[in-house]
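Student:
Residue numbers (full-length UniProt numbering): 1 to 237.
Shown next as structure tokens:
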């Protein structure tokens, strides 16, 4: 997958309508509730993107470390966060820290763009990067809800520009394969997939990676249901 072809200015432009200040505030509260951090603790924002969660978490008194593989996303994060967040270009697949962070989180499905072996390896890397007792919170699409509301074509229009996702649900492999077509100052295409593990699968991956006491819920902290669009997993090192 070409990260720069997917996570670029088009991504920010079309997702801006969804990632409103209200959504950002909800996600920040969810991360805070999941991690239960103390002021001054060091928290890793894995695949921090444009820093939409890193900046407000730093404003709450945390020492936030944001890493992302995309140079373009990091440039936007630096513009948003200034020197309040320690930002570094790093692909999550190359995370090699040891006991460096009190807590970590990964938000908005970014871990699910890889196959099972890579996801398992990244989870093990996160576990090694956390200090004993550290918590890792991750936001994933909830497979049952995605399947129930699946649409093979999803189009987003903004100011006369279009982003069209042509999707195929692969039931056997548990993933959605997508061809994205962007019509905005020309036509651009990108192909990617999103892995949709079942709750049991993902708990097993976390335990195998070295975590314990895995809790599952939705974005509001309630019990996971068939209708929950998001699955939030919180695992303790």
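Even for Gly, the Cβ is constructed at its ideal location relative to N, Cα and C.
#1: With a Cβ-Cβ cutoff of 8 Å, do residue 192 and residue 6 count as a contact?
#2: Let me make sure I understand the geometry here. Which of 210, 144 and 150 has the alpha-carbon closest to that of residue 131?
#3: Could you pull the start and end residues of the beta strand (DSSP E) that residue 141 belongs to?
#4: Can you tell me the Cβ-Cβ gap for residue 172 and residue 194, rounded? I've got them flagged as a contact below 8 Å.
#5: Which of helix, strand or coil does DSSP assign to residue 40?
#6: If you reduce the DSSP assignment to three classes, tell me which class residue 81 lands in.
#7: Determine the burial state of residue 79: buried for a count of at least 16 other Cβ atoms within 10 Å of its Cβ, exposed for fewer.
#8: Under 7 Å Cβ to Cβ from residue 238, same chain only, skipping five residues before and after it: list those, please.
#9: Note down the Cα distance separating residue 139 from residue 228, rounded to an integer number of angstroms.
#10: Is it buried or exposed for residue 71, if we count other Cβ within 10 angstroms and need 16 for buried?
Tutor: Per the coordinate set shown:
#1: yes
#2: 210
#3: 130-141
#4: Not really, about 15 Å apart at Cβ, beyond 8 Å.
#5: coil
#6: helix
#7: exposed
#8: Any answer about residue 238 is impossible in this case: the structure gives the chain only from 1 up to 237.
#9: 12 Å
#10: exposed
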